[in-house]
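All remarks here apply to the structure that follows.
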Amino acid sequence: MNNDIVSELSFFVKLAKLGSLAATARELGLTPPAVTKRLMLMEQRLGVRLLNRTTRRVSLTSEGETYLAQAARILGDIRDMEESVSSSRAAPKGLLRVNATLGFGRTTIAPLVSAFARRHPDVEVQLQLTDRAINLVEDAYDLGIRFGELPDTRLGARKILSNHRYLCASPAYLKKNGVPRTPQDLTRHRCILHRQNDDTYSTWKLQRGRKHESVKVHGSLSSNDGDVVLGWALDGHGILLRSEWDAAKYLNSGRLQVVLPDYTLPSADLYAYYPSRQQQPARVRAFIDFLVESVPAATRPSTR
């Protein structure tokens, strides 16, 4: 593969990421007509249209989406190949693209990136925070950090932290509204709902022994931000489903109490996900090892 092809792949990945001919021109230090001509020459050579163009934005055609996915994979494989034969393989270096959720990424992962950068100054880390669903392969990320298991079989994974979930509420709310004794009692309570991606956030699944129950809950307050819903629970607005990572200190201090302690809920373990490749880059291995070493184990709250 010659340098011209690699340059074309890099050009198209950047153009698709920025979604604008003008923005791509600024990024590459070219004129907009030069970027337009380069794209046209690519399409002429391939015999297909890769992008739909408007005056402000561009969008991928189905052929463009296929080309982008393959281009991102090929560029990643090239980076890995070069690193695997590098004489300085033992010293991580190069670009590391990491994706994490907004709240957890800001409060926990960002400080860890700072510490990792001091330990490995030759690694350039790009940290992208978003709560939307992502495609690590097509978006050309080296690593994704998420709570819960992802269904994408193209990804490898390593568990960073065990993280159970609990139903909890403030003592003031439970004193005023009563303590649920069975899962079905939840239907008569105000529940605070955390909306994440396309999850069925208003259906809570509980297990006791071999018995599984799904309960459709209701509430007047919901948000896609975990800190917001946790604050509402502390203010006494209802029952919340939250992970021990977020709720442990409030459960231990008594500001929140576990509801239905004899029941378990699906866990939300923390994983590092990465595109499955035969040779994992040294910078990715080093960062995952650093997460396992540095992410503190959440204090398991008392349910008594």
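Heads up, the sequence shown is in the UniProt record's numbering, so the first residue is 1 and it goes up one at a time.
Glycine residues also receive a C-beta, built at the ideal position from the N, C-alpha and C atoms.
For Gly-144, the enclosing beta strand (DSSP E) starts and ends at 143-147. DSSP places Thr-36 outside any beta strand (DSSP E); the residue lies instead in the alpha helix (DSSP H), whose first and last residues are 32-46. With a threshold of 16 other beta carbon atoms within 10 Å, Pro-121 falls short and is exposed.
The DSSP assignment places complete beta strand (DSSP E) segments of no fewer than 3 residues inside the segment 214-278 at 239-243, 257-259, 270-275, in order along the chain.
Under the Cβ criterion (8 Å, minimum of three pairs), the segment 274-293 does not count as touching the segment 209-229.
One alpha carbon belongs to Gly-76, the other to Gly-94, and they sit about 12 Å apart. No Cβ-Cβ contact shorter than 8 Å links Arg-79 with Gln-126. Bridge pairing for Lys-159: Tyr-271 [DSSP]. Secondary structure note for Ser-20: it is in no alpha helix (DSSP H), with a DSSP letter that is neither H nor E.
Arg-26 carries a helical assignment under DSSP once its states are collapsed to helix, strand and coil.
Distances from the alpha-carbon of Val-48 to those of Val-35, Pro-33, Glu-65, Thr-54 put Glu-65 closest. Burial state of Gln-70 is exposed, judged by a 10 Å Cβ sphere holding fewer than 16 other Cβ atoms. Counting the other CB atoms within 10 Å of its CB gives Ile-5 a total below 16, which places it among the exposed residues. Note that the segment 171-181 touches the segment 234-242; at least 3 beta-carbon pairs, one per stretch, sit closer than 8 Å. By the CB criterion at 8 Å, Asp-225 and Gly-103 fall inside the cutoff. Looking at Arg-146, Leu-193, Thr-187, the one whose alpha-carbon comes closest to that of Ser-214 is Thr-187.
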